[in-house]
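Peer 1: Next up is a structure, given as structure tokens.
Residue numbers (the numbering used here): 6 to 76.
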């Protein structure tokens, strides 16, 4: 399998349609999953897998998100 990123849902739909039509491929697509690390004001850390799990903003000191440095 491949993990691909797109600029939005429209680009995803275009690529899906072309791969299906031009190469007769059946694709499985899923929503992206990004884990954020939250550092809370009480000194604890937590990992957030879903935005619904975001604590009250006053409890958050800062948030770390994954980055990649590529050339």
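Just so it is clear, CB atoms sit at the ideal spot from N, CA and C, and this is done for glycine as well.
In terms of residues, what are the limits of the alpha helix (DSSP H) holding residue 42?
Peer 2: First-last for residue 42: 41-45, but that is the beta strand (DSSP E), not the alpha helix (DSSP H).
Peer 1: Excluding five sequence neighbours on each side, which residues of the same chain lie with their C-beta closer than 6 Å to the C-beta of residue 21?
Peer 2: Hits under 6 Å: 32.
Peer 1: Span of the alpha helix (DSSP H) holding residue 18?
Peer 2: First-last of the alpha helix (DSSP H) with residue 18: 14-28.
Peer 1: Have a look at 28, 29, 27, 38 and flag the residue whose alpha-carbon is nearest the alpha-carbon of residue 9.
Peer 2: Ranking 28, 29, 27, 38 by Cα distance to residue 9 puts 38 first.
Peer 1: Less than 8 Å between the beta carbons of residue 23 and residue 45, yes or no?
Peer 2: It is not a contact, given that the beta carbons lie outside the stated cut-off.
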